[in-house]
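Our numbering puts the sequence shown at residues 9 to 256.
The beta carbon of each residue, even a glycine, is placed where N, CA and C say it ideally should be.
To keep things clear, I will list the structure first and then write my remarks on it.
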Amino acid sequence: AAVLYIVPTPIGNLGDISQRALDTLQAVDVIACEDTRHTGKLLSHYQIGTPTWALHDHNEQYKADQLVSRLQEGKSIALVSDAGTPLISDPGYHLVNRCREAGVQVVALPGPCAAVTALSAAGLPTDRFVFEGFLPAKDKARHDKLESLKDEPRTMVFYESPRRLLETVAALVTVMGPERRLVVSRELTKAFETTHGLPAEQMLAWLQEDSNRCRGEIVLMVAGHKADADALPVAAQKTLSLLSADLG
Ligand code: SAM
Numbered sequence: 009a010a011v012l013y014i015v016p017t018p019i020g021n022l023g024d025i026s027q028r029a030l031d032t033l034q035a036v037d038v039i040a041c042e043d044t045r046h047t048g049k050l051l052s053h054y055q056i057g058t059p060t061w062a063l064h065d066h067n068e069q070y071k072a073d074q075l076v077s078r079l080q081e082g083k084s085i086a087l088v089s090d091a092g093t094p095l096i097s098d099p100g101y102h103l104v105n106r107c108r109e110a111g112v113q114v115v116a117l118p119g120p121c122a123a124v125t126a127l128s129a130a131g132l133p134t135d136r137f138v139f140e141g142f143l144p145a146k147d148k149a150r151h152d153k154l155e156s157l158k159d160e161p162r163t164m165v166f167y168e169s170p171r172r173l174l175e176t177v178a179a180l181v182t183v184m185g186p187e188r189r190l191v192v193s194r195e196l197t198k199a200f201e202t203t204h205g206l207p208a209e210q211m212l213a214w215l216q217e218d219s220n221r222c223r224g225e226i227v228l229m230v231a232g233h234k235a236d237a238d239a240l241p242v243a244a245q246k247t248l249s250l251l252s253a254d255l256g
């Protein structure tokens, strides 16, 4: 039976594509991608001649239906995005959803993903984390979003544009406080890869010092909110104030 393969591709370093990903891209009938020219370069580098088909975000629902029909005719398809794992802040959700509804088998290959790569080297807790993707671009919406995450106890992972990093870090200082620990990972797997961790206010100053520190592709991570270790549970506080009132 036909299968839709979800195939991750490198996030910078071409050496990060797996042998299984290459074999799959070679073997399928069609490769559905975001941008045929971008994926074409990857394919020609590995001398893979499989035809490509664009699955743009704005027409994904329509294109997804067409691909499901192809799969139902017995054709196998690989889905790739420009970089990293498809569906992770990238197109593919409608296609996978329709395949599942239509009973078409979906097989995901493991591979590069900027969020997981950044998190695994950040030095922030990884036992629990939340992936928040891109923050809203507008000030008010972004501020509201951060406000809603203020008390989130898990490590938060964001994708951020280099144009907005400074504003976002400034908003984090305001909303989550100057001491909240941040880690900025830039250009992962590439020549100018850096990972830098600082409390929010110091991070803002560090980024402002040198505009190169905001360049390139960025994953921003924010330590989860820590309940004040010294604070007594609410019930204990009540008892204490009753007691001290009695004694007073
Ligand atoms: N599907 C991709 C994945 O699995 O990571 C993410 C696609 S999303 C459209 C692109 C964003 O991912 C970039 O704006 C950046 O925030 C992050 N990103 C991708 N490659 C990166 C890299 N090499 N270093 C740091 N961040 C990266």
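Just the Cα atoms here: how many angstroms apart are residue i and residue j?
i: Ser169; j: Thr247; result: 49 Å
i: Ser26; j: Tyr54; result: 12 Å
i: Val15; j: Leu87; result: 6 Å
i: Thr176; j: Arg150; result: 8 Å
i: Pro186; j: Asn105; result: 42 Å
i: Asp47; j: Ala243; result: In the sequence under discussion, the amino acid at residue 47 is Thr, which differs from the Asp named in the question. Going from the Cα of Thr47 to the Cα of Ala243 covers about 59 Å.
i: Leu51; j: Ile19; result: 15 Å
i: Asp73; j: Leu95; result: 17 Å
i: Glu209; j: Ser97; result: 28 Å
i: Val227; j: Gly205; result: 12 Å
i: His66; j: Cys121; result: 23 Å
i: Cys222; j: Trp214; result: 10 Å
i: Glu225; j: Leu250; result: 55 Å
i: Arg45; j: Asp24; result: 20 Å
i: Lys234; j: Pro133; result: 12 Å
Exposed or buried, what is residue i when buried is set at 16 or more other beta-carbons lying within 10 Å of its beta-carbon?
i: Leu255; result: exposed
i: Glu155; result: exposed
i: Tyr70; result: exposed
i: Val115; result: exposed
i: Ile64; result: Looking at the sequence provided, one finds His at residue 64 rather than Ile. Looking at its Cβ environment, which holds fewer than 16 other Cβ atoms inside 10 Å, His64 is exposed.
i: Ser193; result: buried
i: Pro99; result: buried
Let me check you understand the geometry: is the CB of residue i closer than 7 Å to at least one non-hydrogen atom of the ligand SAM?
i: Tyr167; result: yes
i: Arg194; result: yes
i: Gly92; result: yes
i: Thr197; result: yes
i: Ile96; result: yes
i: Val2; result: The question about residue 2 has no answer, for the chain in this structure spans 9 to 256.
i: Ala122; result: yes
i: Glu225; result: yes
i: Ile39; result: no
i: Ser89; result: yes
i: Ile19; result: yes
By Cβ distance, which residues of its chain are closer than 6 Å to residue i, with the 5 residues on each side in sequence left out?
i: Thr32; result: Tyr13, Val15, Ala86
i: Thr125; result: Leu196
i: Ala130; result: Val191, Met229
i: Glu201; result: Glu195
i: Cys41; result: Thr47, Thr60, Val88
i: Asp37; result: Lys83, Ser84
i: Glu68; result: Pro99, His102
Going by C-alpha to C-alpha distance, which of the options sits closest to residue i?
i: Leu75; options: Val124, Gly48, Val112; result: Val112
i: Thr58; options: Ala179, Phe139, Ser84; result: Ser84
i: Arg78; options: Thr93, Thr163, Ala110, Gly48; result: Ala110
i: Ile39; options: Ala9, Val183, Gly20, Asp90; result: Asp90
i: Ala123; options: Thr203, Pro207, Asp236; result: Thr203
i: Ala10; options: Ala35, Thr44, Arg188, Met184; result: Ala35
i: Leu30; options: Met164, Gly119, Ser219; result: Gly119
i: Met164; options: Val181, His102, Arg189; result: Arg189
Between which residues of its own chain and residue i is the CB-CB distance below 7 Å, once the five residues before and five after are set aside?
i: Leu22; result: His53
i: Cys107; result: Leu12, Val76, Leu79, Val114
i: Arg162; result: Arg136, Phe137, Val138, Gly232
i: Gly82; result: Ala10
i: Val181; result: Ala208, Glu209, Leu212
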